[in-house]
Amino acid sequence: MKSFLKYREIWLLAGIVVLIGLISTRFPGFADPANLRQVFNDTSILMILALGQMVVILTRSIDLSMASNLCFTGMVVAMLNAAHPAIPIPVLIVIALAVGLVLGAINGFLVWRLNIPSIVVTLGTLTIYRGTTFVVSGGAWVNADQMSPDFIDFQRAAFFGLPVLSWIAIIVIALFFLVMTRTAIGRSIYAIGVNPTASVYAGIDVGRTKFIVFCISGIIGGLAGYLWISRYVIASVEVANGYELNIIAACVIGGISIAGGIGSVGGAVLGALFLGIISNALPVINISPFWQMAISGSAIILAVVLNARGERRQGRIILRKAEAA
Amino acid sequence: MDTTAHHGKVDERLPASAPRLTLTGISKSFPGVRALHNVSLSLYPGQVTALIGENGAGKSTLVKIMTGIYQPDSGEIGIDGQVTTLPSAHAAFGHGITAIHQETVLFDDLSVAENIFLGHAPRTRFGTIDWRTMRKNAREVLETMRAGHIDADARLKDLGIANKHLVAVARAMSIDARIVIMDEPTAALSMKEIEELFLLIEFLKSDGKAVLFISHKFDEIYRIADRYTVFRDGEMVGEGLLKDTGQNEIVRMMVGRNVDHIFPQREPKIGAPVLSVSGLSHPTEFDDIGFELRKGEILGFYGLVGAGRSEVMQAIAGITRTSRGTISLDGTSIAPKSAADSIEAGIVYVPEERGKQGVVIGLPIFQNVSLPSLARTSKSGVLRLAEEFSLARSYTERLDLRASSLSQDVGTLSGGNQQKVVIAKWLATAPKVIILDEPTKGIDIGSKAAVHGFMAELVAQGLSVIMVSSELPEILGMSDRVVVMREGRIAATYDNKGLDAETLVRTAAGIAA
Amino acid sequence: MTDTPAPRHIPDRLDKPLSSAIFSWEALLVVIAVVIFAVNSFASPYFLDPWSLSDLTFNFTEKGLIALAMALLIISGEIDLSVAAIVALASTMMGMAVQAGAGTPVLVLIGIAVGLACGAFNGLLVTRLGLPSIVVTIGTMSLFRGIAFIILGDQAYKGYPESFAFFGQGYVWWVFSFELALFLVAALIYWFVLHRTSFGRRVFAIGNNPVACQFSGVRVDRIKFILFCLTGLMSGIASVLITSRLGSTRPSIAQGYELEAITMVVLGGVSILGGAGSILGVVLAAFIMGLVTFGLGLLNVPGIVMSIFIGLLLIIVIALPIVWRRLREGRFA
Amino acid sequence: MSFLKKLLVTAAFSAAMFVNAAYAENVKIALVVKSLGNGFFDAANKGAEEAAKELGDVDVIYTGPTKATAEAQIEVINSLIAQKVNAIAVSANDADALVPVLKKAMDRGITVISWDSGVAKEGRQLHLNPSDTGLIGETIIKLAADYLPEGGDVAILSASSTATNQNAWIEAAKKVLPEKFPKIKLVATVYGDDDSAKSTDEAKGLLKSYPNLKAIIAPTTVGVVAAAQVVTDENLIGKVNVTGLALPSEFKKFIDNGASQAVALWNPIDLGYSAIYLAHDLAVKKEEAKPGATLSIGRVGKVTLDDTNSAAMAPPFQFDKTNIEKFSKIY
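First to last, the protein sequences are chains A, B, C and D. For reference, each letter of the first sequence is one residue, going 3 to 327 in the numbering used here. For reference, each letter of the second sequence is one residue, going 52 to 564 in the numbering used here. For reference, each letter of the third sequence is one residue, going 5 to 337 in the numbering used here. For reference, each letter of the fourth sequence is one residue, going 125 to 455 in the numbering used here.
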């Protein structure tokens, strides 16, 4: 039991339950399964993005360009759809993944081959990708009316009681769980974050692995691009502007250490869920939306403080043993 | 060239078995530095070869070439008689070459089983990692090494340093390594743990592994190794069988000259107490520490690794907080809250970990030296470069620093020269008490003698020295008195007159006489 | 020891080859600035006009002031993402004071004090609790701006006194604005502090190895705390300027300034990993960003397209020395 | 001439040519919008080009920031001042923050007017309201009330909390509510920041918090689309009516599917046309903008300035199933 409580995910989950309980006292319908399903669906995109960011942060890197990638890819698929409504949605999704992959690979290449710190690379591509969106679209928006019904409805179709968007999130979560715990690349990602030097000696190619994680975050950004645009039915240059920090915030609340090596799929998902619940709940419990920013800021600080407490190394036990004896 | 240089180069008494790994004519240069020049090395199955050389002789570079981290500029690598290349760490891994390093390079936040199997974990038929088999295999490997007490699911950071070494060896076993490189594996181990490690090495030998053993400690080398190779300044100066070669001969090969005695003779002039500590306690690290240090004295602190010696010293130096107790210097009570307070009072602490706690790589030599003395070399906060240079020069030249200029990045210096910068840095604060934590750890014999000579010089000038050391010869050879610590407490204090090693070891280990 | 060699003389410094000065970061930035200046002059007939050049500086002075302090912070190995939020909160507080009838001196004082307080809050969280600054300031970034939103909601504060307008709109002499003058004076002060004082030396040392600094008697936490306070202070000053320039306060003021300030610092050659950098580089980078945005603005290129140039510049300027070195060593990739 | 110089000159000139083909002695009027890419402003630009063609000697510079902030707009205006344009017609992101920079423009002899979203009086010569503020306020409520004969709860989903014009309309709407529409109860006003994600969250929040909600009024083109999409997604078509101000081309889908009965908007083409026309007349013909003055605007007609030097154009035009098809092809 004691070791069970050591997992920060359990604490985070408890926090979320408490949060839902608190909200329910002000708005009884909030804890209804139907409503919770909807909260999950509303948070799906953030969860997916947080997972993509997580693998990057685990390797002691950061990807600030995810939201710009999302914006660019979303615009590309929206324009494609507007121009050629006949292209089937699965093909569009594959295109979105591919475009995202290319953008991620550019980040990864610069980090890998030129050894530029990832924060600098992605700070640069953050503006480049969004700017390129403007160039590609000529600044024009793609509106709901220009999108094909399939494009919009795909993620909304219900499937065993859940919309496809939720299912996509569930599949992505499962995939990440599998990759991070059951595959060599997943374990290499952790190893690099824990100890890059030792990883080299263990035969892990650190540079190449970093390249791969940026490709992963790129693919995720691309996927989220399609999902975002078809969800909010408008593609513009301003889509998800500043959202990169929300993604990182979700990871931080989820207990993913910015110093790398520590964090789990469950943590990232719960961190995103936490933020999702807050943004969902504030309007319904009649707290002015102007409070939202301050609340999520406080939540981030609280989460970091608590995580740091948990990480703090306990002193040696020699003396305690000696005293007990 | 020295006449002893190529002693035993050709040895007809080598065993008939073919070498597993041969390095022939390896050279490697870095911008401005020639790390290795035309060196050769052979490792034989079932034998331990000791690689001996001063710091900066090129040992680490060779290890990095053998593990695929560096590529040689020229030369040939042969495995089982086949010429091959090791373009990456992964390739070396594929050839069964594994290295266990001085500072254990494993993964603190991963489990023991994962540390053992990272990179070659057993797979399920879907290609995913088979955790169950992995744990089982990990337990088996640990059992065969008689290390079954280690929990395969424990996180590595919860293990002691000796157990971490065992995990590293288990890793070598698990990849079915055929060539095991041990780079100063005993540096941080206690005597008992070293014994266990030697048992393991015997086990590896009997298993037919080719072992390369790097150490500065001759007793260990003679205990465990079968043959030796000596490097000096990036060149191979000798090799042969240890049973045929005396210690003095090897030392001569290493340093290229005779080293008659290691410890300086001195006539201690001990005065009144300078530093007195009483009842010093810390919530978890140490308890009720009390001792006195007198003017002109070298006080040795002996104990097993983890006995709390460094923590006590760091508390006196203001780096670690204490819960109780008093420290007084020249009769005045002081309560240092930071290293700055201690330095101001006249107590300096030369830390054990040179790279992490000593030098500031990235800054030039003179800035490293002046760092703790900036208050003196600046005027109302404004830097005076001339002062800094003259301060840095006076101390580094006294220590015979080898550098092309004082503006050179300290990171470009060799380890021994970095240590000189570190010592110069603290001496430049004009201290009354200097605490040296493992001052000769990981440095070569030549530099060791220089440091010991310098310590003698310091006390002769009236300074007081505390020397924390885990090396018995050093403790016995240098100290005027010896404090032995065990499990966070002072076990005993001895006058170093007719003191024998056995007493110290027994006291440190808590074995009744 | 019997054969101790006589002490060898070690020179203070070796004469560096001229090439090291030519290939220095600052020199590269100067070349870039000159090229952009030349291109701007060719591209627009309106560029070479004293008033145009003066207007140009408004594009970077406020962010530049923040970047100066941020440079020190990043050299010490920390970062502050909350600077723009501090600007917003300080501006909101000044707005409240205006409603209460405060005069110009009080307003300036409040702006600076709020900046300082926010910086101190960041500093306390980072140094006292030992938290990573990038995460802490992502949190306080939301918190500070969030407080501004709670206070102001959908309202705006206006009615700043006439005399307050001088800071953001006034001119010291001819076309030299107060903002530019302040930026140049601040740059000079920061240059002196970083490169000529023991405090600056310690900042560099901390960025390279905080642990060794602590062992060497450098009060690492205190210096980091001061740096966070300075960054807050400069954000407070920037808040006074921008509030004065806009003559009003909205909670959304100065959005996105943090990334622009950090871009300036990095473009200026400060290592994002800490330990290296110069104020001259940051000042040059500030001018370059002003030149690029204003020059493209004269051609009516949308701001977002300018940001592509800035992003590319950032990556290219950082990649160039690396690629150059590899090419020279003949081992690319 | 060195190679480098040649290269620079070529690059510079080609850049200049690309961006602005003619440096002729034409009157340069900048149409500064809140943000580029917005269909509403693109339509206004169409009108502006129309006016330019009609006037003959006018070059329109269509510009604005990509992010709808005052700071970004100030940088744009600064570069326009440096280009010595003859007039600036701006739709402001912030009524107050732009005042200093626009004053500077006027000091340097540039004619400044605001249109669509206004600037405080001292920052411009005149302001052209797309329509009468009171009338818009009344219209947005009426749009909801027309389909709620029994009355009921309605909520407003606005753009950013700092948007000048939206705030004025909401204010006006609240004023007429008690007398003219006593059965309609305004239960909440929320802000979606003209960000589709935020607007979506807020719309969902409204539907959850107020289960009896009958209509969402979104006087902003981004918000109205987001709200209509939410109503569509939650299968509330027929239960909750989305209305407000919308561009027919962007909104047609939701009139068609029934999420909305009707929306309104003025004609952005006419608005852009009028802004350029007025700016031209003030700059070239030196017409004076003073209270009570009547100014003519080409094909649109005449406007009269009130005591704040503001003029209002036509009342908002309503779009519903009968006419959306036609107008969606125009703007």
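Yeah, the Cβ is synthetic: ideal placement off N, Cα and C, and Gly gets one too.
Asked                                                                                                                           : Found
Residue burial classification, residue 44(A) (beta-carbon count within 10 angstroms, cutoff 16)                                 : buried
Buried or exposed by the 16-neighbour rule on C-beta atoms within 10 Å, applied to residue 254(C)                               : buried
When 223(A), 148(A), 274(A) are compared against residue 102(A), the one with the closest alpha-carbon                          : 223(A)
Contact list for residue 141(B) against chain A, beta-carbon separation under 7 Å                                               : 205, 207
Residue 24(A), buried or exposed, once every other Cβ within 10 Å from all chains shown has been counted against 16             : exposed
Contact set for residue 148(C): own chain, Cβ-Cβ below 8 Å, skip 5 residues either direction                                    : 86, 89, 90, 92, 93, 122
Interface partners of residue 217(C) on chain B, CB under 8 Å                                                                   : 411, 422
Range of the contiguous beta strand (DSSP E) that encloses residue 375(B)                                                       : 375-380
8 Å contact criterion, which residue 141(B) and residue 207(A) should meet: CB distance rounded                                 : 6 Å
Unbroken stretches of the alpha helix (DSSP H), 4 residues or longer, contained in the stretch 205-263 of chain B               : 212-225, 242-257
Contact check, residue 394(D) vs residue 171(D), beta carbons under 9 Å                                                         : yes
Counterpart residues of residue 211(D) in DSSP-defined beta bridges                                                             : 153(D), 235(D)
Residues of its chain near residue 124(B), where Cβ-Cβ distance is below 8 Å and the 5 sequence neighbours each way are ignored : 78, 79, 80
Validate contact between the stretch 336-347 of chain B and the stretch 293-304 of chain B using beta carbons, cut 8 Å, 3 pairs : no
Nonlocal neighbours in the same chain, by C-beta distance under 7 Å from residue 293(A), ignoring five residues either side     : 284
Contacts of residue 149(C) in chain A (Cβ-Cβ under 9 Å)                                                                         : 295, 296, 299
Cβ distance (whole Å) where residue 279(D) is taken to contact residue 330(D) below 8 Å                                         : 5 Å
Reduced DSSP secondary structure (H/G/I, E/B, other) of residue 342(B)                                                          : strand
Spatial distance of residue 282(B) from residue 272(A) (CA atoms)                                                               : 56 Å
Closer than 9 Å to chain B by CB, residue 136(C)                                                                                : no
Span separating the alpha-carbon of residue 141(D) from that of residue 179(D)                                                  : Low confidence applies here, because residue 141(D) scores a pLDDT of 43, under 50, leaving its location unreliable; read the following figure in that light. Looking at the two C-alpha atoms, the distance is approximately 24 Å.
Under 9 Å (Cβ pairs) to chain C, residues found in the stretch 114-148 of chain A                                               : 115, 116, 117, 118, 119, 121, 122, 123, 125, 126, 127, 128, 129, 130, 131, 132, 133, 134, 135, 136, 137, 141
Spatial neighbours of residue 10(A) in its chain, beta-carbon cut-off 7 Å, leaving aside the 5 residues before and after        : 257, 269, 309, 312
Between the CA atoms of residue 247(C) and residue 217(D) - distance to the nearest angstrom                                    : 16 Å
Residue environment, residue 323(B), which counts as buried when at least 16 other CB atoms sit within 10 Å                     : exposed
Every unbroken beta strand (DSSP E) within the stretch 78-105 of chain B, with a cutoff of 3 residues, ordered by chain         : 84-94, 99-104
Residue 295(B) versus residue 211(A): straight-line alpha-carbon distance, rounded                                              : 49 Å
Within chain C, the residues that residue 391(B) reaches when beta carbons sit closer than 8 Å                                  : 221, 222, 223
Within-9 Å CB hit, residue 120(B) to chain C                                                                                    : no
Under 7 Å from the C-beta of residue 229(C): neighbouring residues of chain B                                                   : By Cβ distance, chain B contributes nothing, its closest Cβ being about 13 Å from residue 229(C), past 7 Å.
Residue 187(B) versus residue 181(A) - alpha carbon distance                                                                    : 22 Å
Sufficient close CB pairs (3 or more, under 8 Å) joining the stretch 66-78 of chain A to the stretch 110-129 of chain A         : yes
Within 8 Å of chain D by C-beta, residues of the stretch 273-302 of chain C in sequence order                                   : 297, 298, 301, 302
9 Å Cβ cutoff, residue 365(D) in contact with chain A                                                                           : no
Nearest-angstrom Cα separation, counted from residue 48(A) out to residue 125(D)                                                : Caution applies to residue 125(D), whose pLDDT of 42 falls short of 50 and renders its modelled position unreliable; the model cannot decide the point.
Proximal residues of chain A, C-beta to C-beta of residue 191(D) below 9 Å                                                      : 239, 240, 243
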